[in-house]
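S.K.:
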Amino acid sequence: MLLPDKHTLERLLSHYRAHERAVLAQPHEPALRRRFEDTAYTLCVLMGERTAREAVHAAERYLARTRPAARPPLAPAAPPTSPTS
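Every letter in the sequence shown is one number past the one before it in our numbering, and letter 18, counting from 1, is 18.
(1) State the DSSP-derived secondary structure class of Thr-42, mapped to helix, strand or coil.
(2) Count Cβ pairs between the segment 21 to 33 and the segment 48 to 60 that sit closer than 8 Å; are there 3 or more?
(3) Measuring only the C-alpha atoms, how far is Met-62 from Arg-35?
(4) I need the DSSP call for His-7, collapsed to helix, strand or coil.
(5) What is the C-beta distance between Leu-32 and Val-23, in whole angstroms, given that I count them as a contact (C-beta under 8 Å)?
(6) Between Thr-8 and the rest of its own chain, which residues show a CB-CB distance below 6 Å, the 5 nearest in sequence each way excluded?
Structure follows, in structure tokens:
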């Protein structure tokens, strides 16, 4: 299975959540609902899932796996030593 680009997926998840909030705030607005459903459909296709909820969970799991682990902080550089004569 081809895996989606993580930046595209992050952007799509962000749009999905924004559209979801908008639909919850204005549930009777057809244009908002249509954008939300279009975004949900795209997410389902990208993740190979049948429902938006499953697609969101799959996308979150995929992004969690592909994020690089946090690197430990670098040790501070040793101060330069002055030459002694």
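The beta carbon of each residue, even a glycine, is placed where N, CA and C say it ideally should be. No experiment lies behind these values; they were computed from the predicted model shown.
M.R.: Quick look at the numbers:
(1) DSSP places Thr-42 within a helical segment (H, G or I) once states are collapsed to three.
(2) no
(3) Contrary to the premise, residue 62 reads as Tyr rather than Met in this sequence. Each residue's Cα considered, the two are about 24 Å apart.
(4) Note: His-7 maps to helix in three-state DSSP.
(5) 5 Å
(6) For Thr-8, where only same-chain residues beyond five positions count, there are no Cβ hits under 6 Å.
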